Amino acid sequence: DAMVIQNPRYQVTQFGKPVTLSCSQTLNHNVMYWYQQKSSQAPKLLFHYYDKDFNNEADTPDNFQSRRPNTSFCFLDIRSPGLGDAAMYLCATSLSPPDEQYFGPGTRLTVT
Amino acid sequence: EDKVVQSPLSLVVHEGDTVTLNCSYEVTNFRSLLWYKQEKKAPTFLFMLTSSGIEKKSGRLSSILDKKELFSILNITATQTGDSAIYLCAAQGAASISGYALNFGKGTSLLVTP
Numbered sequence: 608d609a610m611v612i613q614n615p616r617y618q619v620t621q622f623g624k625p626v627t628l629s630c631s632q633t634l635n636h637n638v639m640y641w642y643q644q645k646s647s648q649a650p651k652l653l654f655h656y657y658d659k660d661f662n663n664e665a666d667t668p669d670n671f672q673s674r675r676p677n678t679s680f681c682f683l684d685i686r687s688p689g690l691g692d693a694a695m696y697l698c699a700t701s702l703s704p705p706d707e708q709y710f711g712p713g714t715r716l717t718v719t
Numbered sequence: 299e300d301k302v303v304q305s306p307l308s309l310v311v312h313e314g315d316t317v318t319l320n321c322s323y324e325v326t327n328f329r330s331l332l333w334y335k336q337e338k339k340a341p342t343f344l345f346m347l348t349s350s351g352i353e354k355k356s357g358r359l360s361s362i363l364d365k366k367e368l369f370s371i372l373n374i375t376a377t378q379t380g381d382s383a384i385y386l387c388a389a390q391g392a393a394s395i396s397g398y399a400l401n402f403g404k405g406t407s408l409l410v411t412p
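Chain order of the listed sequences is G and Z.
Going by my numbering, the letters in the first sequence line up with residues 608 to 719, in that order.
Going by my numbering, the letters in the second sequence line up with residues 299 to 412, in that order.
Structural data, given as structure tokens:
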């Protein structure tokens, strides 16, 4: 089945220790998105790739970076996680907008 | 600033009841409105609406968009306990900084009791 896969599903990291979350898709979608969802809040877009073009939201902290080495994979790097970065990180994909976005299962990040 | 407002924020109903969830939006260069269901995991896609007045239906769920009044509703008939979830509304605009962002509302938390 075509799908969006995120690894790991749960990640614990220490304050200030870099962490990488990964997302892969078998849907062959052009666009891949990373959202941050904190408890009881709506998902908030951090950035997205349209093919190889990177688009950063204006209020995404510099601490967050992303890489998309090929169509199928996209990574979220948090360079120095703070306690406030603990959240569910959702990866989504879509064909060229305004198509619907399909979400992966998410990675729940805990920062100790 | 783009804005999506959902109401009510939470709702408790009995099995068999019909519920209507509301979503109003103000989005620059509106392209589409999407509804998602979120249980204790990632959102799952329900509907995408781009045209006014055309109802989309999937089983007991239906949704409609009013582009003049800038709102959408999601109806669930004959609710079941499995419908308990957070329902997210998101509006997609074409002129945000990223160009393709989904602006999510805060969600409506629905609890269906037996």
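Think of the CB as a built atom: it goes at the ideal place given N, C-alpha and C, for glycine as much as any other residue.
Since we're looking at a predicted model, the values are computed, not measured.
Supposed close pair residue i, residue j - CB separation, criterion 8 Å
i: residue 322 of chain Z; j: residue 310 of chain Z; result: Not quite, the Cβ-Cβ distance comes to about 22 Å (not below 8 Å), so this is no contact.
i: residue 342 of chain Z; j: residue 358 of chain Z; result: That belief does not hold up - the Cβ atoms of residue 342 of chain Z and residue 358 of chain Z are roughly 15 Å apart, past 8 Å.
i: residue 400 of chain Z; j: residue 708 of chain G; result: 6 Å
i: residue 626 of chain G; j: residue 676 of chain G; result: Their Cβ separation, rounded to whole angstroms, is 18 Å, which puts residue 626 of chain G and residue 676 of chain G out of contact at 8 Å.
i: residue 615 of chain G; j: residue 402 of chain Z; result: At roughly 24 Å, the Cβ-Cβ gap does not stay under 8 Å, so residue 615 of chain G and residue 402 of chain Z are not in contact.
i: residue 319 of chain Z; j: residue 372 of chain Z; result: 4 Å
i: residue 365 of chain Z; j: residue 350 of chain Z; result: 4 Å
i: residue 362 of chain Z; j: residue 356 of chain Z; result: The Cβ separation is near 13 Å, so there is no contact.
Residues sharing a beta bridge with residue i, DSSP
i: residue 678 of chain G; result: Residue 678 of chain G is not bridged to any residue.
i: residue 320 of chain Z; result: Z:305, Z:371
i: residue 622 of chain G; result: Residue 622 of chain G is not bridged to any residue.
i: residue 360 of chain Z; result: Z:355, Z:373
i: residue 391 of chain Z; result: Z:328
i: residue 743 of chain G; result: Nothing in the structure corresponds to residue 743 of chain G, since chain G is present only between 608 and 719.
i: residue 663 of chain G; result: G:654
i: residue 312 of chain Z; result: Z:411
i: residue 400 of chain Z; result: Z:390
i: residue 639 of chain G; result: G:656, G:700
i: residue 629 of chain G; result: G:614, G:682
i: residue 335 of chain Z; result: Z:342, Z:385
i: residue 406 of chain Z; result: Z:385
i: residue 492 of chain Z; result: Given a span of 299 to 412 for chain Z in the structure shown, any question on residue 492 of chain Z remains unanswerable.
i: residue 687 of chain G; result: Partner(s): none; residue 687 of chain G has no beta bridge.
i: residue 672 of chain G; result: G:684
Closer than 7 Å at the beta carbon, the chain G residues around residue i
i: residue 357 of chain Z; result: The contacting residues do not exist; residue 357 of chain Z stays about 18 Å from chain G at best.
i: residue 301 of chain Z; result: Chain G residues near residue 301 of chain Z: none, gap ~12 Å exceeds 7 Å.
Residue environment, residue i, which counts as buried when at least 16 other CB atoms sit within 10 Å
i: residue 654 of chain G; result: buried
i: residue 346 of chain Z; result: buried
i: residue 718 of chain G; result: buried
i: residue 334 of chain Z; result: buried
i: residue 692 of chain G; result: buried
i: residue 308 of chain Z; result: exposed
i: residue 701 of chain G; result: buried
i: residue 690 of chain G; result: exposed
i: residue 340 of chain Z; result: buried
i: residue 312 of chain Z; result: exposed
i: residue 632 of chain G; result: buried
i: residue 713 of chain G; result: buried
beta-carbon residue i near the ligand COA non-hydrogen atom, thresh 7 Å
i: residue 400 of chain Z; result: Absent from the structure shown: the ligand COA. Ligands present: none.
Contacts of residue i in chain G (Cβ-Cβ under 9 Å)
i: residue 319 of chain Z; result: In chain order: nothing, as chain G lies at least about 14 Å away.
i: residue 404 of chain Z; result: 647, 648, 649
i: residue 386 of chain Z; result: 649, 650
Interface residues of chain G facing residue i [CB-CB closer than 8 Å]
i: residue 389 of chain Z; result: Neighbours of residue 389 of chain Z on chain G: none; closest Cβ ~10 Å, over 8 Å.
i: residue 332 of chain Z; result: 707, 708
i: residue 369 of chain Z; result: By Cβ distance, chain G contributes nothing, its closest Cβ being about 17 Å from residue 369 of chain Z, past 8 Å.
i: residue 372 of chain Z; result: In chain order: nothing, as chain G lies at least about 15 Å away.
Within chain Z, the residues that residue i reaches when beta carbons sit closer than 8 Å
i: residue 713 of chain G; result: 339, 340
Which residues, in chain order, does the stretch 677-711 of chain G contribute to contact with chain A at a C-beta distance below 7 Å?
-> In summary, chain A is missing from the structure at hand, where the protein chains are G and Z.
Indicate whether the contact test is met: 3 or more Cβ pairs, each with one atom in the stretch 676-685 of chain G and one in the stretch 320-334 of chain Z, closer than 8 Å.
-> The answer is no - the stretch 320-334 of chain Z does not touch the stretch 676-685 of chain G, with fewer than three Cβ pairs under 8 Å.
Do the stretch 685-701 of chain G and the stretch 633-651 of chain G make contact, defined as three or more Cβ pairs closer than 8 Å?
-> Contact between the stretch 685-701 of chain G and the stretch 633-651 of chain G is present, with at least three C-beta pairs closer than 8 Å.
Below 8 Å, can you find three or more Cβ-Cβ pairs linking the stretch 379-387 of chain Z to the stretch 401-408 of chain Z?
-> Touching, per the Cβ criterion.
Three or more beta-carbon pairs under 8 Å between the stretch 617-629 of chain G and the stretch 708-718 of chain G, yes or no?
-> Output reads yes: the stretch 708-718 of chain G touches the stretch 617-629 of chain G.
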